[in-house]
Structure formats: structure tokens, C-alpha cells
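K.L.:
This is the structure I want to talk about, given as C-alpha cells.
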């Protein structure tokens with residue numbers, strides 16, 4: 156299937172402001188990029204680089220006034236990769252590839268080493284053998300027990316906060332899932348991008364776990380993990396995958412997102 160994604164950020168800038176963005180898609184297995192565009196209006200120069208996770212990044216300085224940052228992408232995509240039956244066996248830490256081991260460690264927004272997180276992980280999934288079934292139980296538990304609501308969390312909200320308050324948005328659902336899975340020594344990362352099957356269209360966050368030598372997508376916001384996706388970035392948590400990071404005096408006025416699929 157062909158999928159298109161578009162995001163338009165509008166800022167009021169009160170002093171020249173440095174920004175880094177992650178708004179161009181990853182080029183990887185599962186999504187063949189047909190075309191893409193990135194622009195800043197009024198036009199300013201920007202440089203591009205890849206971060207330590209291979210995410211395409213852009214850096215620029217926004218001028219004073221109303222500024223629009225836009226990104227569009229069209230890609231050939233597939234539904235989330237199904238977990239095989241029987242699912243891959245649980246991988247011991249001693250057997251994990253070295254480049255995924257940091258995905259079992261706590262990170263800024265995913266305090267997987269805390270006692271409360273450990274107790275919740277054991278309550279949800281401690282009664283079954285380690286592996287895929289634990290991940291799906293965690294995903295389903297979060298979907299059923301955390302209320303989805305805008306405006307009640309912010310950029311400082313962590314997995315522990317969400318475990319206590321039981322409310323949040325996709326970012327918060329994903330951070331909690333990551334923390335719980337990592338507590339059970341399952342390598343888990345955060346992924347952001349476009350998804351076509353959302354009740355409210357927005358840029359979206361979900362989580363991926365490493366099993367049997369591959370990464371598999373799980374979405375705690377959805378009743379079942381479904382929908383076509385274009386991945387923009389992945390990392391340990393939101394600190395690694397912020398779509399726009401600004402270092403100055405710029406205020407977001409609006410964000411418009413579109414995601415469509417066609418044969």
C-alpha cells in the first residue's frame with residue numbers, strides 16, 4: 156500500500172531560535188520512500204545529519220516572526236509485522252546482540268529500575284513465562300487501564316507518573332509500556348511517525364520489542380496493533396525522538412497532521 160504523511164508546525168518566534176527537527180522518514184526495511192519534502196517558511200538554510208540511532212535530523216535557526224515547518228512523505232508500506240506462531244523464544248541478556256542491550260536499561264522517561272514499576276510488571280505479567288505473551292499482556296493492560304486524554308500530561312511526565320495517575324496520551328502509554336517491558340529484561344524502544352488508523356489524527360508514538368532477532372511493533376493506544384505506519388525515528392524514549400526541539404523563544408501555535416493510505 157502507498158501511504159502519505161504530512162505535518163505542518165506553525166510557530167511564533169520572538170528571538171532568533173536554534174531548532175533541531177526529526178521530520179524526514181527513516182529509509183529502512185518495510186518502508187520504501189517514494190518521495191518526500193521538507194521546508195521552512197520563510198526560507199532559511201538548514202543542515203542535515205544522522206543521530207546515533209540513524210534517525211535523519213535537521214538543524215536550523217528560525218527567524219523572528221511567524222514560521223512554518225512542513226514535512227511530507229509518501230512511502231510504500233506494510234501493516235505491522237505479525238509475530239510468528241509460535242512466537243520467538245525469550246532471549247537471555249547473555250545472548251542479546253550488543254547493540255540492543257541498552258534498550259533494557261532505564262532512561263529519562265522510562266524508570267524501569269524502580270520498585271513500583273517492578274511490582275506493576277510482575278502484577279501484570281509475572282505469572283507467565285518470559286517473552287511475547289508478557290509484552291502483549293502489558294500492551295493490553297495499558298490499553299484497558301490507562302485513560303487516553305489530552306492536556307493532562309506534559310513533557311516532564313514519566314512512566315512512573317503514568318503508572319500512578321492512569322491517564323495520558325500516546326507518548327505516556329508508550330513510556331509506561333517500555334518501562335514495564337525493560338523491567339522484565341525485554342529490549343524495548345520508542346518509535347514515532349504516522350499511523351493511518353487513529354481516532355484523532357496526530358503524530359503518533361508506539362513501542363517495539365526485540366525478539367528472535369527482529370523488532371516487532373506494539374501499540375498500547377489501539378485495541379489491537381493495526382494500521383499502516385511510516386516510521387520517522389526511534390530511540391530509548393521521547394528524549395531521543397522529539398520531532399521538534401527548540402532552543403530559544405518560540406511558541407507552537409498549531410500542528411496539522413494528515414495520514415492517508417491508498418492502493
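Residue numbers (our numbering): 156 to 418. Ideal placement from N, C-alpha and C gives every residue a C-beta, glycine not left out. Since we're looking at a predicted model, the values are computed, not measured.
1) Compare the beta carbon distance of residue 189 and residue 236 with 8 Å and say whether it is the shorter of the two.
2) I need the DSSP call for residue 388, collapsed to helix, strand or coil.
3) Taking the alpha helix (DSSP H) that residue 212 belongs to, which residues open and close that run?
4) Give the DSSP bridge partners of residue 361, in chain order.
5) Counting only the same chain and skipping the five closest in sequence on each side, list residues whose C-beta sits under 7 Å from that of residue 300.
6) Measuring alpha carbon to alpha carbon, tell me which of 293, 406, 414 and 339 ends up nearest residue 379.
7) Using CA atoms only, rank isn't needed, just tell me which of 400, 385 and 394 is closest to residue 228.
8) Anyone know if the C-beta pair for residue 344 and residue 363 falls short of 8 Å?
9) Pick out whichever of 401, 418 and 416 has its Cα sitting closest to the Cα of residue 164.
10) Is the beta carbon of residue 397 closer than 8 Å to that of residue 263?
11) For residue 184, report the span of its alpha helix (DSSP H) as first-last.
12) Determine, using beta-carbon pairs with one atom in the stretch 262-282 and one in the stretch 304-318, whether at least three such pairs fall under 8 Å.
P.N.:
In terms of the structure at hand:
1) It is not a contact, given that the beta carbons lie outside the stated cut-off.
2) DSSP, read as helix, strand or coil, puts residue 388 in strand.
3) Counted as a single uninterrupted DSSP element, the stretch harbouring residue 212 is not any alpha helix (DSSP H) but the beta strand (DSSP E) occupying residues 211-217.
4) Looking at the DSSP assignment, residue 361 forms a beta bridge with 346.
5) Cβ neighbours of residue 300 beyond the five flanking positions: 321.
6) Taking only the C-alpha atoms, the option nearest residue 379 is 293.
7) Per the Cα distances, 385.
8) Contact: yes.
9) The option with the nearest alpha carbon to residue 164 is 401.
10) With contacts defined by Cβ atoms closer than 8 Å, residue 263 and residue 397 do not form a contacting pair.
11) Boundaries for residue 184: no alpha helix (DSSP H) harbours it, and the DSSP string shows neither H nor E there.
12) Contact between the stretch 262-282 and the stretch 304-318 is present, because at least three Cβ pairs lie under 8 Å.
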